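Contents: one structure, followed by commentary.
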Ligand SMILES: [Zn+2]
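Protein chains in written order, with the numbering used here: chain A, 257 to 389; chain B, 27 to 372.
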């Protein structure tokens with residue numbers, strides 16, 4: 257974290273508010289943001305877009321051996337979420353175990369702590385998802 | 027004057043039962059339950075803190091009020107468990123709800139009453155037309171020293187109040203007044219992991235004197251009596267204190283029941299009165315009057331008189347508090363200890 261304060265700061269709109277981009281030419285949505293449309297290339301008209309935060313589980317797994325800094329959060333569910341606008345992102349699903357959730361379930365974005373391992377470092381916050389009832 | 031144009035309340039999903047804690051320390055659970063009136067308390071997930079819970083509550087308040095977050099001109103987060111010692115929680119919340127950058131923001135700290143202090147500041151700013159809308163949040167992940175009496179009550183939750191002009195209010199704040207003295211009933215020094223408290227001293231000279239004095243002063247100022255109000259919400263470090271206070275003031279117990287959430291979630295500190303008030307607003311009808319009186323150790327109390335308007339129908343726009351109270355999962359003391367250690371960085 258210490259070496260990447262600028263990167264951490266630049267990603268706040270994306271991580272706190274699900275800000276990506278939208279191509280007005282072909283109606284494609286990008287998350288994370290892309291500056292050039294994958295379909296229209298230079299002809300695409302790309303504008304910033306804030307995703308609604310609603311989506312569905314596309315695939316999921318339960319993590320029992322976590323990367324450095326996330327050891328205390330195991331076990332946790334990691335999923336590919338298909339946002340309702342069409343883009344996909346990978347994120348944790350909070351407050352559930354794998355047995356509680358399945359592919360196709362509706363989810364909604366929540367704001368949680370992503371990492372706070374270093375007691376003298378920055379706390380990293382960002383999007384995760386919770387299952388909708 | 028000003029009023030509440032939106033409110034949001036949040037309690038984490040996890041709970042620990044009084045029996046589970048009592049078992050670990052060899053205490054008599056029934057004695058503690060009847061003494062404190064707390065059956066279980068909320069426990070934040072390992073990736074929740076006062077900032078993340080404040081964001082949930084703030085988003086619900088915005089959903090109810092149906093306003094553009096960019097119109098919020100002031101945002102205050104009251105807590106005794108801010109995630110950073112230096113770096114505001116309020117900027118994290120403002121960024122997450124997209125109220126940035128044209129607003130003023132700050133963190134407040136006054137033990138359990140920092141949330142209501144924020145409401146008073148927003149009332150002043152809205153009343154003087156310095157801002158169109160102000161957001162006051164009380165959010166805490168409270169900690170009790172293991173085996174201390176506080177361990178049975180110290181809980182987590184957040185309540186957010188969007189303050190705006192009278193006309194838009196779902197509840198008009200008719201008036202407010204406070205009672206404040208230097209009373210050393212509860213404290214925590216920098217770098218100390220857990221608070222210290224004055225035991226029995228937290229009762230008469232602290233809680234009862236301050237809450238009663240602020241309440242009496244406001245009733246006198248408005249020339250009203252207990253009969254003029256349909257609900258009373260008092261700070262609730264346990265269920266015993268507000269019940270005793272109600273008895274002394276001649277308030278029928280049924281008028282405090284809806285505002286008393288401590289038996290199900292514990293004492294959520296800065297969020298305690300904001301959550302109790304939310305539970306009342308979830309049920310109140312147009313024309314009804316609500317009286318609230320918070321308490322913060324150290325010590326002070328803020329009393330408010332509210333009148334519910336026809337805009338209360340806007341509460342249907344979002345989840346009410348019982349949604350979060352009912353959606354729960356019990357954890358063992360071992361899991362609870364793991365979460366708590368992380369929160370305090372022990
Ligand atoms: Zn395109």
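Glycine residues also receive a C-beta, built at the ideal position from the N, C-alpha and C atoms.
Being a predicted model, the structure only gives us computed values, none of them experimental.
query, result
"For residue 382 of chain A, I'd like the list of residues in its chain whose CB is within less than 6 angstroms of its CB, leaving aside the five on either flank, ordered along the chain.", "271 and 370"
"What does the alpha-carbon distance come out to for the pair residue 38 of chain B and residue 101 of chain B?", "22 angstroms"
"Is the beta carbon of residue 137 of chain B sitting closer than 8 angstroms to the one on residue 324 of chain B?", "yes"
"Would DSSP call residue 50 of chain B helix, strand or coil?", "helix"
"Thinking C-beta only, is residue 344 of chain A closer than 8 angstroms to residue 336 of chain A?", "yes"
"Who does residue 284 of chain A pair with in a DSSP beta bridge?", "A:279"
"Can you find the residues in the same chain that come closer than 6 angstroms, C-beta to C-beta, to residue 258 of chain B, ignoring five residues on each side of it along the sequence?", "277, 281, 282 and 317"
"At a Cβ threshold of 8 angstroms, is residue 75 of chain B touching chain A?", "yes"
"So within the segment 264-321 of chain B, which uninterrupted alpha helix (DSSP H) runs reach at least 4 residues, ignoring any that extend past its ends?", "266-275, 280-283, 288-291 and 298-307"
"So, for residue 201 of chain B: in the same chain, excluding its five sequence neighbours on each side, which residues have a beta-carbon less than 7 angstroms away from its beta-carbon?", "244, 247, 248 and 331"
"Counting only Cβ pairs nearer than 9 angstroms, list the residues of chain B close to residue 350 of chain A.", "39, 71, 73 and 74"
"So what's residue 236 of chain B in DSSP terms, helix, strand or just coil?", "helix"
"Any residue with its Cβ nearer than 6 angstroms to a heavy atom of ligand 1 should be included. What is that list in chain order?", "A:279, A:281, A:282, A:284, A:293, A:295, A:296 and A:300"
"How long is the line joining the alpha carbons of residue 290 of chain B and residue 35 of chain B, rounded to whole angstroms?", "14 angstroms"
"Would you list the one or two residues that DSSP bridges to residue 381 of chain A?", "A:369"
"Could you tell me which chain A residues have their CB closer than 8 angstroms to the CB of residue 284 of chain B, listed as they occur along the chain?", "Correct list: empty, because the minimum Cβ distance to chain A is about 24 angstroms."
"Let me know the alpha helix (DSSP H) ranges lying completely inside the segment 34-83 of chain B, each 4 residues or longer, listed in chain order.", "44-51 and 55-62"
"Tell me whether the beta-carbon of residue 285 of chain B lies closer than 8 angstroms to the beta-carbon of residue 305 of chain B.", "yes"
"Is the Cβ-Cβ distance between residue 115 of chain B and residue 108 of chain B less than 8 angstroms?", "yes"
"Cβ atoms of residue 80 of chain B and residue 189 of chain B: under 8 angstroms apart, would you say?", "no"
"So residue 291 of chain B contacts chain A; which residues on that side make the cut at Cβ distance below 8 angstroms?", "None at all; the shortest Cβ gap to chain A is about 16 angstroms."
"By the criterion of Cβ-Cβ separation under 9 angstroms, what are the contact partners of residue 46 of chain B in chain A?", "In chain order: nothing, as chain A lies at least about 19 angstroms away."
"Would you mind sorting residue 236 of chain B into buried or exposed? The rule is 16 or more other CB atoms within 10 Å of its CB.", "buried"
"Is residue 124 of chain B close to chain A, meaning its C-beta is less than 8 angstroms from at least one C-beta of that chain?", "yes"
"Within the 8 angstroms Cβ cut-off, does residue 385 of chain A reach chain C?", "No chain C appears in the structure shown, which is made up of the protein chains A and B."
"Assign residue 167 of chain B to one of two classes, buried (16 or more other C-beta atoms within 10 Å of its C-beta) or exposed (fewer than that).", "buried"
"Count the other C-beta atoms from every protein chain shown that fall within 10 angstroms of the C-beta of residue 343 of chain B, then say buried if there are 16 or more, exposed otherwise.", "exposed"
"Output the distance between the C-alpha atoms of residue 371 of chain B and residue 375 of chain A, rounded to the nearest integer angstrom.", "Residue placement at residue 371 of chain B cannot be trusted, given a pLDDT of 49 that sits under 50; the coordinates are not used to answer."
"List the residues of chain A whose Cβ lies closer than 9 angstroms to the Cβ of residue 78 of chain B, in chain order.", "366, 367, 368, 369 and 381"
"What are the start and end residues of each continuous beta strand (DSSP E) run of 3 or more residues lying completely inside the segment 296-373 of chain A, in chain order?", "302-306, 310-319, 332-339, 344-350 and 362-371"
"Alpha carbon to alpha carbon, how far is residue 324 of chain A from residue 193 of chain B?", "53 angstroms"
"Which partner residues does residue 133 of chain B have in the DSSP bridge list?", "B:103"
"Please report how far the alpha carbon of residue 372 of chain A lies from the alpha carbon of residue 321 of chain A, in whole angstroms.", "18 angstroms"
"Is the Cβ of residue 257 of chain A closer than 8 angstroms to any Cβ of chain B?", "Any reading at residue 257 of chain A is ruled out, since the residue's pLDDT is 48, under 50, leaving its predicted position unreliable."
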